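In what follows, a single structure is set out as structure tokens and then discussed.
There are 2 protein chains.
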Amino acid sequence: MTIELHAEDEQRVKIFKALADPTRIEIIRTLCKTQKEMACGEVGEICAVSKSNASYHFRTLREAGLIKVRKDAQTKFTKLDEETFEKYLPGFLKTLF
Amino acid sequence: MTIELHAEDEQRVKIFKALADPTRIEIIRTLCKTQKEMACGEVGEICAVSKSNASYHFRTLREAGLIKVRKDAQTKFTKLDEETFEKYLPGFLKTLF
DNA sequence: ATTTTAGTTCAATAGTAGTTTAACTACACA
DNA sequence: TGTGTAGTTAAACTACTATTGAACTAAAAT
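See the structure below:
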């Protein structure tokens, strides 16, 4: 019997930790609903979090590979990383509504 | 604009917390692979965890609704709760292999 | 030039999570 | 009745996580 390595489990754990928080689920839902990129501050307002707290949550989501961020001058725009959802959680996003 | 309540998010957070651990992912994978119920101790051995630690992980998974447990004398048999996976994470289990 | 705007970083705090060891319950078997 | 088996529970410890407020960087607007 061969040992099976599951190298991607480390990524799975990161993803699940990132999603194991009501604020971050709300951020994902908000981004999913618009279907396009949004300014981080705009998302933070909708989800009713302080800017430093929002920054923390966006970093957690980004490090898990769940969102992508693009910087334009002083504003950061974010959107879902659909590839990650498709690979690790196919069918999940549609359960959010 | 009406406020949208997402009552199920509490359950989602529980589920993601439960899956945000490499041992528990391995337990889920093991249960999924056999496609039938297994004794908790057997799963614990395969995943190389002490019995008290295994008990802790099984409780976490059970409380998240991810596994079902049936007691037969001194042995507890466990299996995946496929309804929960289908409702909250459709398509996830097949990504584990 | 100075004031806003957008976001990051740091330190402090409080709460939560995972592991270990030891003591415990419940049942089976001989 | 005692012995082994299957699993739970509690305490102690370590480590991580979320939130807040204040200080910070960088760019825009006036």
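Respectively, the protein sequence lines represent chains S and F.
Its first residue numbered 0, the first sequence is counted upward by one per residue in numbering that gives the first Met the number 0.
Its first residue numbered 0, the second sequence is counted upward by one per residue in numbering that gives the first Met the number 0.
We put the CB at the ideal spot given by N, CA and C, even for glycine.
Quantities reported herein were computed from a predicted structural model and do not represent experimental measurements.
(1) Would the segment 9-23 of chain S count as touching the segment 45-56 of chain S if we require 3 or more Cβ pairs under 8 Å?
(2) Specify whether the segment 78-93 of chain F and the segment 39-50 of chain F touch according to this definition: at least 3 beta carbon pairs, one from each stretch, less than 8 Å apart.
(3) Going by C-alpha distance, which of K13/F, H5/F, K70/F, T83/F is nearest T59/F?
(4) Which value, in whole angstroms, describes the spacing of the CA atoms of V42/F and C31/F?
(5) Find the nearest neighbour of T33/S within the set L65/S, L79/S, T83/S, judged by alpha-carbon distance.
(6) Check distances from the C-beta atoms of the segment 55-71 of chain F to those of chain S and list, in chain order, the residues that come in under 9 Å.
(7) Quick check on DSSP: helix, strand or coil for D8/F?
(8) Can you tell me the Cβ-Cβ gap for V68/S and T74/S, rounded? I've got them flagged as a contact below 8 Å.
(9) Return the chain-ordered list of same chain residues with a C-beta closer than 8 Å to the C-beta of L95/S, the five sequence neighbours on each side being excluded.
(10) A6/F to E9/S, Cα distance in whole Å?
(11) Could you tell me whether the Cβ of V12/F comes closer than 8 Å to any Cβ of chain S?
On the basis of the data shown:
(1) yes
(2) no
(3) K13/F
(4) 11 Å
(5) L79/S
(6) none
(7) helix
(8) About 11 Å separates the two Cβ atoms, so there is no contact after all.
(9) I24, I27, R28, C31
(10) 29 Å
(11) yes
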